[in-house]
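Shown next, in structure tokens, is the structure this report addresses.
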Amino acid sequence: MSVIAVLGAGKIGEALLSGLLHGGHSPDDLLFTERYPARAAELTERYGVHGGTVAEAARRADVLVVAVKPQDIDPVLDELAPLLGQESLVVSLCAGLPTALYERRLPEGVPVVRVMPNTPMLVGEAMSAVSAGAHATAEHIAVVKDLLSHVGQVVEVPESQQDAVTALSGSGPAYFFYLVEAMIDAGILLGLPRALAGQLIIQSAVGAAKMLAESDEHPVLLREAVTSPAGTTINAIRELEKHGVRAALLAAIEAAKDRSTELGRAHDPRV
């Protein structure tokens, strides 16, 4: 079994470690890097996985998962560059950063796979999209898909679509949280206690998501099934359309895509 190193043990990095352990990986086949010693000690105690340096990770691991913030990528690549060879597989979980950036900074021929996950990885329900870099083969993609399957669903997309994926599913959970927050506030406005409003909306969201996942019907048909003539729902939909909620969502997701593109260009103007 390959040795996997997670570089950056924030929420996403920790969720991946947890998922790999639950998926049958031995703690001895995993390691992580973490800049804060107290955090590293906490994770080692919780999971039994060794926390080490970037140099140790490069020396021991076959697969290196880079899960740092995009703005922290430069020092990580500086450390990795003199230590990696073509036998290593680099997996980037950094939003907006193209595989070309890694390929330019790392030794020639190092395979890189770009991934856009999202925060439901924390509960084993991530939606991750993977894209192969110039030197990554079908076998490398298969390794990454297997790795990510322990924390949710995985699809493969061309790298040209990754900024759109980032805007849609990478940032997507935040849009749902925003809507739920607004709906809870609406419940309070209508006189319901906050706890009850939260329970009503959250379970409604869970049920609606399950219907979407398990039904072959288009979302429009599922919505129409709730929308009776001259009923309460159609009055609510009219107000949503009147206030441009659909257009606002389209604009918001487009803005997120543009920002993802900007992040990549900030590190590599040629992309």
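Numbers given in this note's numbering equal positions in the sequence shown, counted from 1, plus 160.
Glycine included, C-beta positions come from ideal geometry on N, C-alpha and C.
Bear in mind the structure is a predicted one, so any value in this text is a computation, not a measurement.
Does R354 come out as helix, strand or coil in the three-state DSSP assignment? DSSP places R354 within a helical segment (H, G or I) once states are collapsed to three.
Going by Cα to Cα distance, which pick from I348, A327, A368 is closest to R419? Of I348, A327, A368, the residue nearest in Cα terms is A327.
Cβ shell of C254 (< 7 Å), same chain only, five flanking positions each side left out: Excluding its 5 nearest sequence neighbours in each direction, C254 has C-beta neighbours in its own chain below 7 Å: V226, V228, P230, I233, listed in chain order.
Where N395 falls, given that 16 or more other Cβ within 10 Å makes a residue buried: With fewer than 16 other Cβ atoms within 10 Å, it is exposed.
Could you spell out the range, first to last residue, of the alpha helix (DSSP H) harbouring A292? No alpha helix (DSSP H) holds A292; the beta strand (DSSP E) holding it covers 286-292.
Helix, strand or coil: which one does DSSP assign to G212? Three-state DSSP puts G212 in a strand.
Please confirm if Y335 has its CB atom under 8 Å from at least one CB of chain D. No chain D appears in the structure shown, which is made up of a single protein chain.
How would you write the range of the beta strand (DSSP E) that G269 sits in, first residue to last? Segment: none, G269 is in no beta strand (DSSP E) and carries neither H nor E.
Does DSSP put Q321 in a helix, a strand or coil? It is helical.
Considering only residues of the same chain and omitting the five flanking positions on each side of L308, which have a CB-CB separation below 6 Å? Answer for L308: S288, V314, listed in chain order.
Neighbourhood of T387 by C-beta, 6 Å cutoff - its chain only, sequence neighbours within 5 removed: Within the same chain, T387 has close Cβ partners T393, I394.
With DSSP collapsed to three states, give me the class of T326. It is helical.
Tell me whether V314 sits in a helix, a strand or coil according to DSSP, three-state version. Strand at V314.
Rank D345, G284, G312, V273 by C-alpha distance to the C-alpha of Q322 and give the top, closest one. Cα-wise, what sits closest to Q322 is V273.
On the criterion of 16 or more Cβ atoms from any shown chain inside 10 Å, does Y196 qualify as buried, or is it exposed? When all chains shown are included, Y196 counts as exposed.
CB contact flag (H182, H310, <8 Å): Here H182 is near H310, since their CB atoms are less than 8 Å apart.
Have a look at A342 and A334 and give me their C-alpha separation to the nearest angstrom. Each residue's alpha carbon lies about 12 Å from the other.
From V290 to L224, what distance separates their C-alpha atoms? Approximately 15 Å, taken between the alpha carbons.
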